[in-house]
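Beneath this line is the structure, given in C-alpha cells, with notes to follow.
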Amino acid sequence: VPQPTQAGPLPVHGAGGKGVRLGRRTLIGLGAAVVAGAVAAYLTIADPFAGPLPGGWTKHDLGDRVGVALAVPEGFVKDEPAEDSDGTVVSFTDPSGMVRIEADRDLKAEDVDGEIEASATERAFAEWEELRDGEYSWGIADTPAPKGRPRETTYKDREAATNTIVYTTSDGPTPLVREAQVRYYRNKDGDMYRLWVVYPGKGYFAEDGRDIARTVFETWDVHKL
Numbered sequence: 020v021p022q023p024t025q026a027g028p029l030p031v032h033g034a035g036g037k038g039v040r041l042g043r044r045t046l047i048g049l050g051a052a053v054v055a056g057a058v059a060a061y062l063t064i065a066d067p068f069a070g071p072l073p074g075g076w077t078k079h080d081l082g083d084r085v086g087v088a089l090a091v092p093e094g095f096v097k098d099e100p101a102e103d104s105d106g107t108v109v110s111f112t113d114p115s116g117m118v119r120i121e122a123d124r125d126l127k128a129e130d131v132d133g134e135i136e137a138s139a140t141e142r143a144f145a146e147w148e149e150l151r152d153g154e155y156s157w158g159i160a161d162t163p164a165p166k167g168r169p170r171e172t173t174y175k176d177r178e179a180a181t182n183t184i185v186y187t188t189s190d191g192p193t194p195l196v197r198e199a200q201v202r203y204y205r206n207k208d209g210d211m212y213r214l215w216v217v218y219p220g221k222g223y224f225a226e227d228g229r230d231i232a233r234t235v236f237e238t239w240d241v242h243k244l
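In our numbering, the protein residues as written are 20 to 244.
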C-alpha cells in the first residue's frame, strides 16, 4: 500500500506525490460520529449533475490531471498546491476550516511500480487496513479505534467503492471525533480516482457536513470512464 502523505495539520498542506495522499492535512481537522445503520450496505452514486445545483453552489472543472469536475459551496477556497505537487490533487476548504473536500487521481501511465490496485474495492479495503488500528502519521488515534466499513457501490453503473470512517484525532490539546466519507473509482484505463469529504464531529454542524458531502458526491463527474 502506498504510504500516506506526510503533512501538517490544517490549514498547512502536504506533499502532492503519488499514492495515498490524504494524510494529516485532511483528516486531522474534520469529521463527525456515525449513527449505526445510517449508511446502507450498498450505495449507488448518483449521476453527476442529474439536477440543478443547490443555491449557493458552484461547479468546478479540476483540469486534465485530476480528470474530474465537482460542485462545492460558494465561499469554499481552493487550496494552494504543495510545491512538489504532481497536479493530480485538488482540494477546497471552508474558511472556517470545518469542512474539506479533496479529489485525487492516480494515473496508470505513471504507475511505474504497479501500486494501483486492480479495483476500486481493493483500494478501499487496502486503505482501511492501513487506518483501522489508528495511524499516528495521519493524526488518527488508536483508542478508541477508528470505525469504518468499506463496501462496493456503483458509479454510472460501473464498479466503485465507498467508506465512511469515524475516528478520533491523535494530536492537539483536545481529541476530536471526525467523520470522513470516501468514494473510489477505477476507470477502464486503470486510473484510480478518489474523493474525500471530511467534516466536523459531534454537534450542531455534523448534519451540515453530511449534507455537503451528499451533494459533492452527487456532482462528482469523472471525465474518462
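Ideal Cβ positions, reconstructed from N, Cα and C, are used throughout, including at glycine.
Computed from a prediction, not measured in an experiment: that's the story for all the values here.
Counting C-beta pairs with one atom in each stretch, the stretch 180-197 and the stretch 207-214 have fewer than three that are closer than 8 Å, which means they do not touch. DSSP places residue 134 in the coil class of the three-state scheme, outside both helix and strand. By the Cβ test, the stretch 81-90 is in contact with the stretch 103-121, since at least three Cβ pairs between them sit closer than 8 Å. The C-beta distance from residue 127 to residue 208 rounds to 6 Å, short enough to meet the 8 Å contact threshold.
Membership of residue 234 in the alpha helix (DSSP H) is indicated by the continuous run 225-238. Taking the Cα of residue 203 as reference, the smallest distance to any Cα among 151, 146, 158, 191 is reached at 146. Fewer than three Cβ pairs drawn from the stretch 233-241 and the stretch 148-163 lie within less than 8 Å of each other, which leaves the two stretches out of contact.
Residue 223 counts as exposed, since fewer than 16 other beta carbons sit within 10 angstroms of its beta carbon. Counting only residues of its own chain and dropping the five nearest sequence neighbours on each side, residue 235 has a CB closer than 8 Å to the CB of 89, 90, 91, 120, 214, 216.
Residue 220 and residue 197 do touch by the CB rule: their CB atoms are close to 5 Å apart, below 8 Å. One alpha carbon belongs to residue 95, the other to residue 118, and they sit about 9 Å apart.
In this structure, the CA atom of residue 93 is about 29 Å from the CA atom of residue 187. Note on geometry: alpha-carbon atoms of residue 201 and residue 192 lie some 27 Å from one another.
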